[in-house]
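Student: Okay, so the sequence shown: first residue is 491 according to the numbering used here, each after it adds one. Glycine is no exception: its CB is placed at the ideal position from the N, C-alpha and C atoms.
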Amino acid sequence: MSQQEQVGHPLVITMWETYGCGMEEVASAVGRELSIPVHAQAFTSEQIEQSEAERAKEGGFARFVRRVGSLHIDDAVADGTARTEQESWVEMARNNTKIVRDTAAQDAIILGRNGAFILKDAPRALHVKLDGHAKDRAALAAELKKISLDQATKRLPREDQFRRSLSMRTYNFDPTGNEYYTIVLNSPRLGLSETVRLIVEAAKRR
């Protein structure tokens, strides 16, 4: 589709990061530059970290998700007694897809939520992945979140695995691959300002 044909469609930027790439900070800056609202991802790092003990106690990934929260999708998995585990994942995907598509009806920056996969055919969508070396990501996370390097280093593999597992179970989509992204940026090495500049420049060409 040519740029002329895309006129009238909303500009949607989806972002996904491996832990510690500064996605929230980058998205906030891009949103200010383009005057586009930012829509947060479903789970925060703090929720994932604080619920690790509950996961071990509850046993099972689905019960862990129920413990952390319902993805803001009307308690799709909050009541595991009324449906099977597989039905819960299907319902979670269905409701999350609706949220993403409804949000993408207007200009938006969507963090996480498998946006690159769900909106892969959206005419003006820019799909961004932020990645980098684990040591660089841990160092940046410690700096941005005002936590110790040790805490950031421990968070990194746990959060990366959680977010990948959630995508695989709901959409059979591996967000760590590059197939669905328009651009992949090493934000810890580029620096956040340069990362923002590149995304804004790419978005203005959509």
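Enumerate in chain order the residues of its own chain whose CB-to-CB distance from alanine 693 is below 8 Å, with the five nearest sequence positions on each side excluded.
Tutor: Translated into the one-based positions of the sequence shown, residue 693 becomes position 203. Contacts found: Leu501, Ile503, Val520, Leu524, Leu616.
Student: With 16 as the cutoff for other CB atoms within 10 Å, does serine 535 come out buried or exposed?
Tutor: In the sequence shown, residue 535 corresponds to position 45, counting from 1. Burial call: buried.
Student: Nearest to glycine 510 by alpha carbon, out of Arg696, Tyr661, Arg648?
Tutor: Taking the sequence shown and counting its residues from 1, the one referred to as residue 510 is at position 20. Residue Arg648 is the option with its Cα nearest to glycine 510.
Student: For serine 492 and phenylalanine 663, what's the separation of their Cα atoms in angstroms?
Tutor: Along the sequence shown, one-based indexing puts residue 492 at 2. Along the sequence shown, one-based indexing puts residue 663 at 173. Per-residue confidence for serine 492 stands at a pLDDT of 43, beneath the threshold of 50, marking its modelled position as unreliable; no derived number is given.
Student: Serine 677 and leucine 620 look like a contact to me (Cβ under 8 Å); what is the Cβ gap, rounded to whole Å?
Tutor: Here the question's residue 677 lines up with position 187 in the sequence shown. Here the question's residue 620 lines up with position 130 in the sequence shown. That belief holds up - the Cβ atoms of serine 677 and leucine 620 are roughly 5 Å apart, short of 8 Å.
Student: Which same chain residues end up closer than 8 Å to arginine 591 when comparing Cβ atoms and leaving out the 5 residues on each side of it in sequence?
Tutor: The residue given as residue 591 occupies position 101 in the sequence shown. Taken in chain order, the residues that qualify are Ile608, Leu609.
Student: Given this structure, state the Cα-to-Cα distance separating isoleucine 599 from valine 618, to the nearest angstrom.
Tutor: Here residue 599 refers to the residue found at position 109 when the sequence shown is read from its first residue. Here residue 618 refers to the residue found at position 128 when the sequence shown is read from its first residue. In a straight line, the C-alpha of isoleucine 599 is about 10 Å away from that of valine 618.
Student: With a threshold of 16 other CB atoms inside 10 Å of the CB of serine 683, please say whether the residue is buried or exposed.
Tutor: Position 193 of the sequence shown, counted from the start, is the residue given in the question as residue 683. It counts as exposed.
Student: If you follow the alpha helix (DSSP H) that lysine 619 is in, where does it begin and where does it stop?
Tutor: For this step, residue 619 is matched to residue 129 along the sequence shown. Careful: lysine 619 lies outside any alpha helix (DSSP H), inside the beta strand (DSSP E) at 615-620.
Student: So glutamate 515 packs on arginine 645, CB below 8 Å; how close in whole Å?
Tutor: For the purposes of this step, residue 515 is identified with residue 25 of the sequence shown, where counting begins at 1. For the purposes of this step, residue 645 is identified with residue 155 of the sequence shown, where counting begins at 1. That pair is no contact at about 16 Å.
Student: Buried or exposed, going by whether 16 or more other CB atoms sit within 10 Å of the CB of serine 638?
Tutor: For this step, residue 638 is matched to residue 148 along the sequence shown. Classification for serine 638: exposed.
Student: Between which two residues does the alpha helix (DSSP H) containing isoleucine 673 stretch?
Tutor: Reading the sequence shown from its first residue, position 183 is the one you call residue 673. Segment 673-675 is the beta strand (DSSP E) holding isoleucine 673; no alpha helix (DSSP H) there.
Student: Can you give me the Cβ contacts of arginine 654 inside the same chain, cut-off strictly under 7 Å, excluding the 5 residues immediately before and after it?
Tutor: Here residue 654 refers to the residue found at position 164 when the sequence shown is read from its first residue. Beyond the five residues adjoining it in sequence on each side, arginine 654 comes within less than 7 Å, by CB distance, of Asp664, Pro665, Thr666 in the same chain, given in chain order.
Student: Once DSSP output is grouped into helix, strand and coil, what is the label at leucine 601?
Tutor: In the sequence shown, residue 601 corresponds to position 111, counting from 1. Three-state result, leucine 601: strand.
Student: For a test of the three-state rule: what should DSSP assign to threonine 534, helix, strand or coil?
Tutor: The count along the sequence shown starts at 1 and reaches residue 534 at position 44. The three-state secondary structure of threonine 534, taken from DSSP, is coil.
Student: Helix, strand or coil: how does DSSP classify threonine 593 here?
Tutor: Along the sequence shown, read from residue 1 onward, the residue named residue 593 stands at position 103. In this structure, threonine 593 counts as helix in the three-state DSSP scheme.
Student: I'd like to confirm something about leucine 609: is its beta-carbon nearer than 8 Å to some heavy atom of the ligand FAD, or not?
Tutor: Absence of the ligand FAD is noted for the structure shown, with no ligands found whatsoever.
Student: Since I believe glutamine 531 is in contact with arginine 603 (beta carbons under 8 Å), could you give me their beta-carbon distance rounded to a whole number of angstroms?
Tutor: Counting from 1 along the sequence shown, the entry for residue 603 is found at position 113. Counting from 1 along the sequence shown, the entry for residue 531 is found at position 41. Arginine 603 to glutamine 531, Cβ: 6 Å. Contact.
Student: Whose C-beta lies closer than 8 Å to the C-beta of leucine 688 among residues of the same chain, with five residues either side of it excluded?
Tutor: Here residue 688 refers to the residue found at position 198 when the sequence shown is read from its first residue. Hits under 8 Å: Ile673, Leu675, Leu680.
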